[in-house]
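Step one of this worksheet: look at the structure below.
Protein chains in written order, with the working numbering: chain A, 17 to 175; chain B, 210 to 351.
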């Protein structure tokens, strides 16, 4: 069955703020194998002009995926997660996230459309400090394989 | 901090040196833990094959992170990145051996923009397939 179009424009607020910590940044930098000391050494980061260690550019996917998860688990959205693949990803930065940031994420269902037999589901997440500063915006486009085709089959059998 | 590469020293066509990033099963386990993405297609061969994949595949975001390193290592300042976007075009297939797979990343300055910014187009390949397309970084140079 196709994704519920009534959900276009729906907004999800993160249930609680996310605290960016040195330890989590180090864990993430280690996981992507990036030895840049600006991610792990506060003195290096300060010498580079930052208040504290900064997070790698793809770190905000943690918050963006949480936002996407809030939408995806809603059964009335009718999104078959077992058929989902990550299609596109984009980030637009005001500045890097850094240790000490406390951020909230506002995720909007920005687009739902059929293409070929698939459906494309786009989520835009604005990640702001609790003080209101926009730090980074994430766009996730998910491809739901066969979503549109299955809907046509459903309509066909109903007709 | 500002980038160590100067806008004036860069031309359309300037190439970023190619890098090869290894990816083994253990890297995917570690990335799953760090990112919170525990989709079993990234660590469970039985599950991956049951949904039609040839084997366990890397997280798309892992490939995006590796390709991004080419840019942040080139500019010298990860904070110089203004925009970064990719399309995931093929999976990185990671076999269950000690060698794993490789992601080969190259880049070229495609356009000089205002405000000392340049557009870098990235290419990422693994096992002969283009794993990222439309991979574009906008960076602010010194």
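All C-beta atoms, glycine included, are put in the ideal place defined by N, C-alpha and C.
Identify, in the order they occur along the chain, each residue of the same chain with its Cβ nearer than 8 Å to the Cβ of residue i, setting aside the five sequence neighbours on each side.
i, result
"residue 254 of chain B", "264, 265, 305"
"residue 99 of chain A", "160, 161, 162, 163"
"residue 215 of chain B", "350, 351"
"residue 250 of chain B", "256, 257, 260, 262, 265, 266"
Just the chain B side, please: which residues come within less than 8 Å of residue i by C-beta, in chain order?
i, result
"residue 19 of chain A", "What residue 19 of chain A touches in chain B: nothing, since even the nearest Cβ is about 19 Å away."
Answer with buried or exposed for residue i, where buried requires no fewer than 16 other C-beta atoms within 10 angstroms of its C-beta.
i, result
"residue 224 of chain B", "exposed"
"residue 220 of chain B", "exposed"
"residue 331 of chain B", "buried"
"residue 341 of chain B", "buried"
"residue 154 of chain A", "buried"
"residue 136 of chain A", "buried"
"residue 356 of chain B", "For chain B, the structure presents residues 210 to 351; residue 356 of chain B sits outside this window and is missing."
Would a C-beta distance cut-off of 8 Å place residue i and residue j closer than the cut-off?
i, j, result
"residue 73 of chain A", "residue 293 of chain B", "yes"
"residue 28 of chain A", "residue 103 of chain A", "no"
"residue 87 of chain A", "residue 123 of chain A", "yes"
"residue 382 of chain B", "residue 344 of chain B", "Because residue 382 of chain B is not part of the residues shown, which for chain B are 210 to 351, the question remains open."
"residue 134 of chain A", "residue 20 of chain A", "no"
"residue 125 of chain A", "residue 62 of chain A", "no"
Might you give, ordered along the chain, the residues of its own chain that have their beta carbon closer than 6 Å to the beta carbon of residue i, omitting 5 neighbours on each side?
i, result
"residue 335 of chain B", "301, 310, 312"
"residue 230 of chain B", "275, 312"
Output needed for residue i: all residues of its chain with C-beta closer than 7 Å, excluding positions within five of it in sequence on either side, in chain order.
i, result
"residue 290 of chain B", "280, 281, 346, 348"
"residue 115 of chain A", "36, 37, 38, 41, 68, 69"
At 8 Å on the CB atoms, spell out the chain A contacts of residue i, in chain order.
i, result
"residue 317 of chain B", "Simply none; closest approach about 19 Å."
Using a Cβ cut-off of 7 Å, pull out every chain A residue sitting near residue i, in sequence order please.
i, result
"residue 274 of chain B", "48, 72, 74"
List the residues of chain B whose Cβ lies closer than 9 Å to the Cβ of residue i, in chain order.
i, result
"residue 13 of chain A", "Nothing in the structure corresponds to residue 13 of chain A, since chain A is present only between 17 and 175."
"residue 44 of chain A", "240, 243, 244, 274"
"residue 94 of chain A", "Within chain B, no residue comes near residue 94 of chain A; the closest Cβ sits about 19 Å away, beyond 9 Å."
Quick one: list the residues of chain B neighbouring residue i, beta-carbon separation under 7 Å, in chain order.
i, result
"residue 54 of chain A", "287"
"residue 108 of chain A", "292"
(request) May I ask you to verify whether the segment 68-88 of chain A touches the segment 40-57 of chain A, counting CB pairs closer than 8 Å and requiring at least 3? (result) yes
(message) Would you call the segment 318-326 of chain B in contact with the segment 132-151 of chain A, where contact means no fewer than 3 C-beta pairs closer than 8 Å?
(response) no
(message) Is it the case that the segment 232-248 of chain B contacts the segment 264-283 of chain B, given that we only count it when at least three CB pairs across the two stretches are under 8 Å?
(response) yes
(message) Under 8 Å, with one C-beta from each stretch per pair, do the segment 245-260 of chain B and the segment 280-292 of chain B reach the 3-pair mark?
(response) no
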